[in-house]
Amino acid sequence: MTQAALDWLGKNHEEIVHGLADLVAIQSISTDGEHHAEIDRTAKLTCDMMRQAGLHNVDLLKVGGSLPYAYGEWLDAPGKPTVFLYAHHDVQPVNFVEQWQSDPWKLTRRDGRLFARGAADDKGAISALLGAIAAYRKTGNTLPVNVKMLVEGEEEIGSKYLLKFFEAHKERIKSDVIVVCDTENIEVGIPSLTYSLRGIVGVQVDVSTAKTPVHSGMAGGALPDAAIALNSILGRLYWNNGALPIPGMYDQVRTLTDKERAAFAKLPFNADKFRQGAGLVPTARFAVEEGYNTYGQTWRRPAVTVIAQEASSIKGASNQVLPKASAIVSCRIVPDQKPEKVLADLTAFLSKDPPWGCEVKVTPAGPPVDWWMTDPNGPAFEAALAAMRGGYDRDPVAIGCGGSIGFVGPLSALFNGAPALLMGIEDPASNAHAPNESLHEGDFKKLMASLVRLFDNLGKLTPARVK
Ligand SMILES: [Zn+2]
């Protein structure tokens, strides 16, 4: 049955690519609030594709004021595990249009890759998951497991309603294993299973020194400068190549085990490529802590970033002492940090001893997102690793991710600790969120072949034996 499904994928690859082309042609941008009609259209198209692939009970669902979710299921494998499949159909906007080498809304094949906004993040995952489902449904008319597939429409704006959706549809979506295709392979051709994610805690810092700007010729040197006060506070965060200088920050940080250190050291890493990718200026050095490589640093150490700062715009600059300045400080958190403690430590650190005694207000910016980490062992992980080994014809690696996917932990908890398998779809050249986003077509095929094998491997387990 599996071989027939794999053969079907080979024969129908162009069809699958056409389906992806239809998906990326719709400008389902969620970040600007101006493309709700397009998001409705991708949700509907996803529903159509679900029906075509052979899913049942396909529905366009919403909860509260959410954007539409596409949902479909196939539950005709009694006694077999139920697999929850996640992807999202919304995309990032197209900024820097002039840097795109082809139309961002037209799937374009070039150098073994498929270019378009959303090709990798995350419409490629919709096509891959449905490809694997169709491969079974179109050949043996059956699947080795039960599946419940959810495709979200607002991942790129923080999945605001997702936890509410899970609660509202708890019984309907209940599953034994979770499969998420929205992370990265460490390199093209190297199948990667992500077992840790960082979380986020953010604060806004508002500094006030006066009610109004005052001419700097009259008051410069006498009145405190809000922009300098703010930047002196932000300057406290500079870590050079050591630990972050925030007291308490590392109280709960889980130490890397020797085994993890050794595993991270063995992963491929090319510093020059990383420099080039970021366009790092020649004089700048990496900011990693001594004793960590880039993976250890970005997957398992906390980080602070100033993601916004406002005082006065350069365009409208005039000679005045500024009375107000604000910034948002975002902090990536890691196992076993508690978001509330990080928030308290960060707030205390930024509020203490204000320069010139100015007013400093530090308030939470957005809800915190918790980190997630799992032990990538047990029957479900073995099923996934074996499937990826077969699909890519090489040993998979277990990796971390410096980014955040807030729902993985809560969903796994909702399903009584169901294992979550995060299988990579992007690679370092995918440029998700950036110009010339693309999906590596060879890896796309290998991912589908892995998913086919994963369904087969999981089908050999019972629901009780998946964990
Ligand atoms: Zn994504």
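Here the sequence shown stands for residues 1 to 467, numbered as in this note's numbering.
Glycine included, every Cβ here is placed at the ideal spot set by N, Cα and C.
Small disclaimer: the values here were computed from a predicted structure and weren't measured.
- Using a Cβ distance threshold of 8 Å, SER216 and PRO323 do not count as a contacting pair.
- Around the beta carbon of LEU280, a 10 Å sphere encloses fewer than 16 other beta carbons of the protein chains shown; the residue is thus reported as exposed.
- For PRO379, the enclosing alpha helix (DSSP H) begins and ends at 379-392.
- Contact annotation: LEU193 and LEU414 have beta-carbon atoms that are not nearer than 8 Å.
- Pairing ASP393 with ALA229, the inter-Cα distance amounts to about 57 Å.
- Out of ALA25, LEU9, THR212, the CA that lies nearest to the CA of LEU114 is found in ALA25.
- Beta-bridge analysis with DSSP links ASN146 to THR82.
- Taking 7 Å as the cut-off, one finds no heavy atom of ligand 1 near enough to the beta carbon of ASP375.
- Per DSSP, reduced to three states, the secondary structure at VAL94 is coil, with no helix or strand assignment.
- The C-beta distance from VAL63 to LYS164 rounds to 5 Å, short enough to fall under 8 Å.
- Looking at the DSSP output, ILE200 sits in a beta bridge with ARG332, VAL369.
- Set against 7 Å, the gap from the CB of ASP370 to the closest heavy atom of ligand 1 is not smaller.
- HIS215 sits in a strand when the DSSP states are folded into three classes.
- Considered as a whole, the stretch 316-361 harbours 324-333 as its complete beta strand (DSSP E) runs of no fewer than 3 residues, in chain order.
- Fully contained in the stretch 108-186 are the following alpha helix (DSSP H) runs of length 4 or more, in chain order: 123-137, 162-168, 170-173.
- Not a single heavy atom of ligand 1 lies less than 7 Å from the C-beta of GLU437.
- ASP427 is not a Cβ neighbour of VAL179, given a cutoff of 8 Å.
- Secondary structure of GLN276 (DSSP, three-state): helix.
- Judged by the Cβ position, HIS35 fails to qualify as a neighbour of ligand 1 at the 7 Å threshold, every heavy atom of the ligand being at least this far.
- In the DSSP assignment, ILE399 falls within the unbroken beta strand (DSSP E) covering 397-401.
- Membership of ASP7 in the alpha helix (DSSP H) is indicated by the continuous run 2-11.
- Approximately 21 Å separates the beta-carbon atoms of GLN52 and GLU38; this is outside 8 Å, ruling out the contact.
- Where ILE39 is concerned, the enclosing alpha helix (DSSP H) starts and stops at 36-53.
- Leaving aside the five residues that flank THR108 on each side, the residues in its chain whose CB is nearer than 6 Å to its CB run, in chain order, SER102, PHE115.
- Nearest in C-alpha terms to VAL329, of all of ASP48, LEU346, GLY424, is LEU346.
- At a cut-off of 7 Å, the beta-carbon of HIS88 counts as near ligand 1: some heavy atom of the ligand is closer than that.
- Inter-residue distance for GLY291 and ASN240 is about 14 Å (C-alpha atoms, whole angstroms).
- Collapsing the DSSP output to three states places ASN431 in coil.
- Ligand 1 has no heavy atom closer than 7 Å to the beta-carbon of ASP48.
- The beta carbons of LEU143 and ALA87 sit about 17 Å from each other, so the pair does not count as a contact at 8 Å.
- Distance between TYR250 and GLY153, taken at the CA atoms: about 36 Å.
- Rounded to whole angstroms, THR139 and ALA243 show a C-alpha spacing of 56 Å.
- Of all alpha-carbon atoms in GLY54, LEU256, VAL203, THR255, the one lying nearest the alpha-carbon of ASN146 is that of GLY54.
- The residue from GLY158, GLY79, ALA311, LEU130 with its alpha-carbon nearest to that of ALA5 is LEU130.
- Between LEU197 and SER404 the beta-carbon gap is near 6 Å, inside 8 Å, which marks them as a contact.
- Going by DSSP, THR305 is part of the beta strand (DSSP E) stretching over 303-310.
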